[in-house]
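Novice: Below is the structure I would like to discuss, written out as structure tokens.
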């Protein structure tokens with residue numbers, strides 16, 4: 207078996223071949239990792255669900271609401287869903303709001319108030335601000351940021367101060383909370399985001 211030594215005429219070619227093989231192995235590993243992510247499921251209905259007060263949007267911790275009880279100014283004000291997904295409301299007490307739509311929360315509040323406290327109560331729930339999203343990985347200022355309806359992964363990167371020099375700029379991972387836990391999704395710069403998403407900007411391999 208031949209032993210390769212520095213100075214050997216073929217040593218340089220052998221070293222370059224090893225470097226190329228290592229680079230190819232890294233690329234294959236990166237592609238395999240990408241294939242593990244599920245394709246992003248996103249439709250126009252998701253964007254519509256972000257309009258304040260629609261029946262499709264699911265409430266969660268961090269959402270800020272304006273709840274109006276008609277004819278009851280002392281109950282009409284801003285409320286926030288706490289870290290456990292609960293809403294503390296006068297007369298109704300503390301109730302679980304996580305996973306409810308605004309319309310479902312309206313119905314639940316009416317049931318709590320009518321008839322014991324406010325006969326024929328009429329309640330309106332409006333989402334004032336959505337829970338934040340998070341961006342981590344190869345951005346200059348990772349952290350949590352206020353969600354803005356209609357934003358994309360690229361908007362999130364800009365809010366995080368832009369890419370670091372090690373960032374992969376065209377392929378991302380988004381972890382999205384759901385009723386079944388957290389779903390991992392493949393994403394591109396143009397992928398729309400939802401409140402609570404966790405965006406990971408990955409490191410390039412070379």
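Residue numbers (the working numbering): 207 to 412. A virtual CB, placed ideally from N, CA and C, is assigned to each residue, including glycine. Quick caveat, the model's predicted, so the values are computed rather than measured.
Can you give the Cα-Cα distance for residue 267 and residue 312, rounded to whole angstroms?
Specialist: Residue 267 sits at position 61 when you count from the first residue of the chain shown. Residue 312 sits at position 106 when you count from the first residue of the chain shown. Roughly 17 Å separates the two Cα atoms.
Novice: Rounded to whole angstroms, what's the CA-CA distance from residue 303 to residue 287? Just pull it up for me.
Specialist: Along the chain shown, one-based indexing puts residue 303 at 97. Along the chain shown, one-based indexing puts residue 287 at 81. Each residue's Cα considered, the two are about 7 Å apart.
Novice: Would residue 165 and residue 343 qualify as a contact pair, given that the criterion is a beta-carbon distance under 8 Å?
Specialist: Lying outside 207 to 412, the shown extent of the chain, residue 165 is not represented and no answer is given.
Novice: Per the DSSP calculation, residue 270 is bridged to which residue(s)?
Specialist: Walking along the chain shown from the start, residue 270 turns up at place 64. Answer is 286 and 335, bridged to residue 270.
Novice: Which word fits residue 334, buried or exposed, when buried means at least 16 other C-beta atoms lie within 10 angstroms of its C-beta?
Specialist: By one-based count along the chain shown, residue 334 stands at place 128. So residue 334 ends up on the exposed side.
Novice: Beta-carbon within less than 6 Å of residue 401's beta-carbon, same chain only, minus the 5 sequence neighbours each way: which residues are those?
Specialist: Taking the chain shown and counting its residues from 1, one reaches residue 401 at position 195. Excluding sequence neighbours, residue 401 sits near 336, 337 and 353.
Novice: Could you work out which residue in 358, 321, 365 and 386 is closest to residue 379 when comparing CA atoms only?
Specialist: Taking the first residue of the chain shown as 1, we reach residue 379 at position 173. The residue with the shortest Cα to Cα distance from residue 379 is 358.
Novice: Would you identify the three-state DSSP class for residue 265, choosing helix, strand or coil?
Specialist: What you label residue 265 is simply residue 59 of the chain shown in a count that begins at 1. Reduced to three states, the DSSP call for residue 265 is coil.
Novice: What is the rounded straight-line gap between the Cα of residue 347 and the Cα of residue 360?
Specialist: Mapped onto the chain shown, residue 347 falls at position 141. Mapped onto the chain shown, residue 360 falls at position 154. Going by the C-alpha atoms only, they are around 14 Å apart.
Novice: Cβ of residue 331 within 8 Å of Cβ of residue 273?
Specialist: What you label residue 331 is simply residue 125 of the chain shown in a count that begins at 1. What you label residue 273 is simply residue 67 of the chain shown in a count that begins at 1. Contact: yes.
Novice: Enumerated in chain order, which unbroken segments of the alpha helix (DSSP H) with a length of 4 residues or greater are wholly contained in the segment 320 to 368?
Specialist: Listed in chain order, the alpha helix (DSSP H) elements of length 4 or more contained wholly in the segment 320 to 368 are 359 to 365.
Novice: Using a Cβ-Cβ cutoff of less than 6 Å, which residues in the same chain neighbour residue 289 once the five nearest sequence positions on both sides are dropped?
Specialist: Against the chain shown, residue 289 aligns to sequence position 83. Listed in chain order, the non-local C-beta contacts of residue 289 below 6 Å within the same chain comprise 267, local neighbours out to five positions each way being set aside.
Novice: Could you check whether residue 319 and residue 298 sit closer than 8 Å to each other, using their CB atoms as the reference points?
Specialist: Translated into the one-based positions of the chain shown, residue 298 becomes position 92. Translated into the one-based positions of the chain shown, residue 319 becomes position 113. Contact flag set, yes.
Novice: Using beta-carbon positions only, say whether residue 316 and residue 362 come within less than 8 Å of one another.
Specialist: Within the chain shown, numbered from 1, the residue matching residue 316 stands at position 110. Within the chain shown, numbered from 1, the residue matching residue 362 stands at position 156. No.
Novice: Taking residue 301 as the reference, give the member of 291, 307 and 382 with the closest Cα.
Specialist: In the chain shown, counting from the first residue as 1, residue 301 sits at position 95. When only C-alpha atoms are compared, the closest one is 291.
Novice: Quickly, what does DSSP pair residue 299 with across the bridge? List them, please.
Specialist: As a first step, residue 299 must be located in the chain shown, where it is residue number 93. Bridge partners of residue 299: 295.
Novice: Between the Cα of residue 174 and those of 284, 310, 390 and 388, spot the shortest distance and give me the residue it belongs to.
Specialist: Absent from the structure is residue 174, since the part of the chain shown begins at 207 and ends at 412.
Novice: Using CA atoms only, rank isn't needed, just tell me which of 329, 383 and 327 is closest to residue 265.
Specialist: For this step, residue 265 is matched to residue 59 along the chain shown. When each option's Cα is compared against that of residue 265, the closest is 383.
Novice: Flag this pair as yes or no: are the beta carbons of residue 399 and residue 339 separated by less than 8 Å?
Specialist: In the chain shown, counting from the first residue as 1, residue 399 sits at position 193. In the chain shown, counting from the first residue as 1, residue 339 sits at position 133. Going by C-beta atoms, residue 399 is nearer than 8 Å to residue 339.
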